[in-house]
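Asks: Residue numbers (this note's numbering), protein chains in the order written: chain L, 2 to 274; chain V, 235 to 662; chain W, 2 to 299.
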Amino acid sequence: MRAAGRLGLYLTVTGVAVLMVLPFYWMVITAVSPASDILAFPPKWIPSRLTGEHFAAAVAKAPWLTYYWNSLVVAVVSVGCSLVFGLFAGYAFAVYRFPLQNVCFLLILSTLMVPVQVTSVALYVLLARIEWVDSYLGILAPNFASAFGVFMIRQGIKAIPVDLLEAARMDGAGEVRIVLTIVAPLIKTTLATVAMILFLGSWNDFLWPVIVINSQNLRTLPVGIALFKDPYGSINYGPLMAATVIATGPMLIAYAVSQKYMIRGIALTGLKG
Amino acid sequence: MRRLTWLLAVLLCLAPGLAGAQAKATVTIWYPGGDITAGAAHFGDKNLWTEFEKTHNVKVEAVGLDYDTMQQKVFAAAAGRNIADILFIDTSWLPGFLKEEMLEPVADAKAKAWLSAVSPEIKELSDYGNGRMWGYPQYGIDIYGLTWNKEHFKEAGLDPEKPPKTWAEFREYAKKLTKRDAQGNITRVGYAIRHVGHPHGIVHKHFWALYGAGVQLVDDPNRLRGGKAVINTDGGKAALKLILDMLDQDKSTSLNFPDPRAAFIKGIASMQISETVSIKARQPKDAPELKWGMALPPVPKAGDKPVSLLGAWLYSVPKQAKNKALAWQAIEWINSAEKDYELCKKYDASPRYKVNWDKEPFKSDPYDQALKQLYPAGKKLPINLGLNGVMDAVGGAIQKVWHHEASIDAALAEAEQAATKAIADAAK
Amino acid sequence: MIRWRRRSNRHRHLLHAYLFIAPVVLLFGAFRVIPAVQTLLYSVYKVELLRGRFTFIGLENFRALVADPAFAKATVNTLAYVAAIVPISAALGLGLAVLFDARFRLSELFKAVYFAPMVTSTAAAAMVWWWLYNPQFGLFNVLLRLVGLPDQPWLMSSHTALTAIIIFSVWKTLGYNMIIYLAGLQAIPQQFYEAATIDGAGTVARFWRISVPLLAPTTTFLLIYDSILAFQVFDQVFVLTGGGPANATNVVVLELYRQAFERYNFGYAAAEATVLFLLILGITVVQYLYSRRFEVAY
């Protein structure tokens, strides 16, 4: 009975795993198989030979390095700013008492309820007026700070004993120095988790960049891949899948290396959210 | 010493002026990159503008945009006051841009000279009523034609040189050409339809049947403002029913097939109707073995006049261009009779000027001459400012009917109402 | 002396406090709060961006919305999408989480595999599925043919396209739901189960009587979180179908994207955004209030 239960468990878990992996597997196989294999029936699960031609075609058709660079710039700047601004704001909300504190905090949190999907129209009009459309600033505008980040960091700082901060003040440390040299190291796990989640969000963000970016040389990876598809119905799936491998590969590798940590971080924030 | 200071000061004041005089003005062009349109091929040539740049002391910069987002980009750039000097645009976008009053018209005298020098189909494409032009159509215009796979015709016992002429023949051929596997899945359709994607594309590819059956979409195709939609007619119903019957009764076409051109090139569709130029451009690379013919689309019944959609890309100048005079000069230069000849020869396209048609290689090129047979049937889209809404409505109706979401009568009635409203809204 | 220093400290801290929150408050004010308020404002205007003209038209946009079949279709599709994706993902996620609650070999690896779609960009993953869904050569129909089943049109038919998108989204979000439920399950003290076992409750009874009620907060969170995300669905629709065929997969965000950025009807799009916001707000509040009644404290 117990053995049968184990078997059932493994069968179910493996079956679901196959379904989950299948798209990734087929993406890679299509990308490295010769054209005749791709349209073969019955399907060729293992390519008859490996080919790099689809990658060559994908690279010739779009500037992937530029897309990577854009994604990276946007992610690093938005995560960096969100962390620094979030650290100081989180500290202020956690440690100080000041007039309008709750109003400001609620104002920041309330933006979580109003996604960029809702505000995109007015935000675009605003950015068009200050000529930020089609620029890095345009993509970054709604992402310089993160309400989620402020909230998580505030929670983290609240757990720090007040005595620790008082002791530092007695030693004559300024507030900025306290935040940077005492508080930040103490909540580095929280900071790292927030950084990871924001990075992931920025890296995969699609709607806002697709709205605000027009030039090819400013496209981020998801926008680049979505517009890679021939609008007249592509018939060349090899290059298309090679392009998706290029676009998703590094993030999947990063995930493979750090999956335990990433999953734990996301589970944690999920419970607290 | 003091003199020297003065001299320096004067030089400093002059310096920006001098530098400005030396820096060349730049004329920018936006065009659709990739292999969307045959007409844009020459923008990839680095030396295309060299001669013009020399004689006018300017720099011409051509920037390839993405077809999908190009319209959006043009709007955004106009709003941001940061637009190119020359726009290379699809004629079907014209009403959208005119609605926002974004384009400069071609000067009357220039328009008159152009209209009298070009062949009739180019005149049809250029003239938006009383000789008014919004740009110069590029060579390599799109004429929609029926293309068929000659091998499939042979296989099905049909004469590979004789395409179907009437709707009845068309249905019969399509039935014979359709193939199925053991389970009854259609593996090859006799005729591939466009039924997904942007509604405009769907109308473009069914235009032959609509126009062929006498549906003009709007009451006056050359009227810019106002008027009403005319879609819900016997002709409109017949045009939609033709494909519906092929789907449901003949089972000679299928919703399981995506883009008709892709299907045709892949050999899983025997006939399709779209821009002939795109098959010509893709076939040698994607399907070198494919033998195909092209002809005018079939007509409802013998004796009817065939109609086919004529489209093109226009060189136009936006109102907010920074170098308007230079932009027009550049456009006139690239669209001169000499350049027309030179570029058409180089890029294997058919010319626009009447004088060039009398010259070789066009005079005896089989593809160009075949196109010339199609051209007289060419008809461009109406100009109405509400065209986008009209196309959305008609495309939606076609989709709904073919996907069995609505009856023909209901879909067309709804579409006509929506289209008329779009026209009225756009005229405000 | 000491008192003086304290007061000065407080003043200094006040200054610090405002300085520290200033960047976040200003950035949020400029790029989140003002646009949110403006969205409401624009919804009663006709906005002509190219001419810089804003004309007040009262509730005209909303009146047009009500009569617009495309918007009605988009709203219905969005609601159908939410109604399908949220319970399916949560139920499957819970089922898998229960399996993973028991320790077994390679469980970490399996967990990682289930979660992988979550870290992939939706646009790129949808591109892969677009190929899988191809009716002639795509893997799904090829597999159906292998086992002798008829071809499915998937994205090509107005009757199956929305289902195809939902299947994709379940694949994409399943891992997240599972991980959250798993964390919830592992937070339940073991004594509860032990006590129930002594009372003679079987596995199934323990699941229904202990796990499910004690997971209520997790469920509430997931339902709200998943539905907020589901209401905003855009990326996969944009890539897989563009809202077609015949508007069968058009959703509210795509519709407002089209109105704003393809047709330049900013006022109308703002009205659509306002409706979307009200929908999200309404559903969230209802779910929150309703589920609170079932929460069990422990």
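Just so it is clear, CB atoms sit at the ideal spot from N, CA and C, and this is done for glycine as well.
Would you list the one or two residues that DSSP bridges to Tyr549/V?
Replies: DSSP lists Phe322/V and Tyr370/V as partners of Tyr549/V.
Asks: Using C-beta distances below 8 Å, list every residue in its chain close to Gly283/W, excluding the 5 sequence neighbours before and after it, in chain order.
Replies: Excluding residues within five positions, none has a Cβ falling inside 8 Å.
Asks: Mapping the DSSP letters down to three states, classify Asp172/L as helix, strand or coil.
Replies: Reduced to three states, the DSSP call for Asp172/L is coil.
Asks: Using a Cβ-Cβ cut-off of 9 Å, state whether Trp591/V counts as contacting chain W.
Replies: Not closer than 9 Å to any Cβ of chain W, the Cβ of Trp591/V fails to qualify, so no.
Asks: Could you please give the first and the last residue of the uninterrupted alpha helix (DSSP H) stretch that includes Met128/W?
Replies: Note, Met128/W: alpha helix (DSSP H), Thr123 to Leu133.
Asks: Would you give the residue range spanned by the beta strand (DSSP E) that Phe57/W belongs to?
Replies: Element bounds for Phe57/W: Arg54 to Phe57.
Asks: Please return the same chain residues whose Cβ sits closer than 8 Å to the Cβ of Gln187/W, not counting the five positions on each side in sequence.
Replies: The residues are Asp102.
Asks: What residue does the beta strand (DSSP E) around Ala503/V start on, and which one ends it?
Replies: Counting along the chain, the beta strand (DSSP E) containing Ala503/V begins and ends at Ala503 to Glu509.
Asks: Could you check what DSSP says for Ile375/V in three-state terms: helix, strand or coil?
Replies: DSSP places Ile375/V in coil when its eight states are reduced to three.
Asks: Check the DSSP bridge columns for Val533/V and list the partner residues they point to.
Replies: DSSP, once it has assigned bridges, lists Thr400/V as partnering Val533/V.
Asks: Confirm, please, whether the CB-CB distance from Thr56/W to Tyr46/W is below 9 Å.
Replies: Contact flag set, yes.
Asks: State the DSSP-derived secondary structure class of Arg422/V, mapped to helix, strand or coil.
Replies: Correct three-state label for Arg422/V: strand.
Asks: How far does the alpha helix (DSSP H) with Thr260/V in it reach, from first residue to last?
Replies: No alpha helix (DSSP H) holds Thr260/V; the beta strand (DSSP E) holding it covers Ala259 to Pro266.
Asks: Against chain W, with Cβ distances strictly below 9 Å, would Ala555/V count as a contact?
Replies: Answer no: the Cβ-Cβ gap between Ala555/V and chain W never drops below 9 Å.
Asks: Could you check where the alpha helix (DSSP H) with Ala193/L kicks off and where it finishes?
Replies: Element bounds for Ala193/L: Lys189 to Asn205.
Asks: Run through DSSP, which three-state label would Ala665/V get?
Replies: As shown, chain V starts at 235 and ends at 662. That puts residue 665/V outside it, with no answer to give.
Asks: Please classify Val340/V: does DSSP put it in a helix, a strand, or coil?
Replies: Coil at Val340/V, not helix or strand.
Asks: Over the uninterrupted alpha helix (DSSP H) stretch that includes Ala296/V, give me the two end residues.
Replies: Segment Val292 to Leu299 is the beta strand (DSSP E) holding Ala296/V; no alpha helix (DSSP H) there.
Asks: Do you know whose CA, among Arg422/V, Lys634/V, Ser488/V and Lys307/V, lies nearest Ile502/V's CA?
Replies: Comparing Cα positions, the closest option is Arg422/V.
Asks: Mind checking whether Val238/W and Thr250/W have CB atoms under 9 Å apart?
Replies: Yes.
Asks: Which same chain residues, not among the five before or five after Thr654/V, have their C-beta less than 6 Å away from its C-beta?
Replies: The residues are Lys462 and Ala463.
Asks: CA-CA distance, Lys74/W and Asn248/W?
Replies: Approximately 7 Å, taken between the alpha carbons.
Asks: Can you name the residues that DSSP bridges to Ser353/V?
Replies: BP columns for Ser353/V are empty, so no partner.
Asks: Could you give the distance in angstroms between the alpha-carbon of Gly268/W and the alpha-carbon of Val48/W?
Replies: In a straight line, the C-alpha of Gly268/W is about 5 Å away from that of Val48/W.
Asks: Identify each residue in the stretch 41 to 57 of chain W for which the Cβ-Cβ distance to at least one residue of chain A is less than 7 Å, and report them in chain order.
Replies: No chain A is part of this structure, whose protein chains are labelled L, V and W.
Asks: Hey, which unbroken runs of the alpha helix (DSSP H) at 4 residues or more fall wholly within the stretch 100 to 147 of chain L?
Replies: Counting whole runs of 4 or more residues, the stretch 100 to 147 of chain L contains the alpha helix (DSSP H) stretches 102 to 111, 117 to 130 and 137 to 141.
Asks: Give every residue of the same chain whose Cβ lies closer than 7 Å to the Cβ of Ala255/V, excluding the five residues on either side of it in the sequence, and list them in chain order.
Replies: The pLDDT assigned to Ala255/V is 46, lower than 50, so where the model puts this residue is not dependable; a value taken from the coordinates is nonetheless given after this. Correct list: empty, nothing qualifies.
Asks: Under the three-state reduction of DSSP, which class applies to Gly274/L: helix, strand or coil?
Replies: With a pLDDT of only 33 at Gly274/L, under 50, the local geometry of the prediction cannot be trusted, and no value is derived from it.
Asks: When we look at the beta-carbon of Gly16/L and count the other beta-carbons within 10 Å, is it buried (16 or more) or exposed?
Replies: Label assigned to Gly16/L: exposed.
Asks: Indicate whether the contact test is met: 3 or more Cβ pairs, each with one atom in the stretch 285 to 300 of chain V and one in the stretch 494 to 514 of chain V, closer than 8 Å.
Replies: Not touching, per the Cβ criterion.
Asks: Can you tell me where the alpha helix (DSSP H) with Lys47/W in it begins and where it stops?
Replies: Segment Tyr46 to Glu49 is the beta strand (DSSP E) holding Lys47/W; no alpha helix (DSSP H) there.
Asks: Between the beta-carbon of Ala271/W and the beta-carbon of Thr40/W, is there less than 9 Å?
Replies: Yes, Cβ-Cβ distance for Ala271/W and Thr40/W is below 9 Å.
Asks: List the whole-angstrom C-beta distance separating Val628/V from Ile657/V, where the pair is believed to meet the contact cut-off of C-beta under 8 Å.
Replies: That pair is no contact at about 12 Å.
Asks: Determine, using beta carbons only, whether Val430/V comes closer than 9 Å to chain W.
Replies: For Val430/V, the answer is yes, since a Cβ of chain W falls inside 9 Å of its Cβ.
Asks: Alpha carbon to alpha carbon, how far is Pro266/V from Trp567/V? Give it in angstroms, no decimals.
Replies: Roughly 20 Å separates the two Cα atoms.
Asks: Here's a check: name, in chain order, each residue in its chain whose Cβ is nearer than 7 Å to the Cβ of Asp484/V, leaving out the five neighbours to either side.
Replies: Arg405, Ala408 and Lys409, listed in sequence order.
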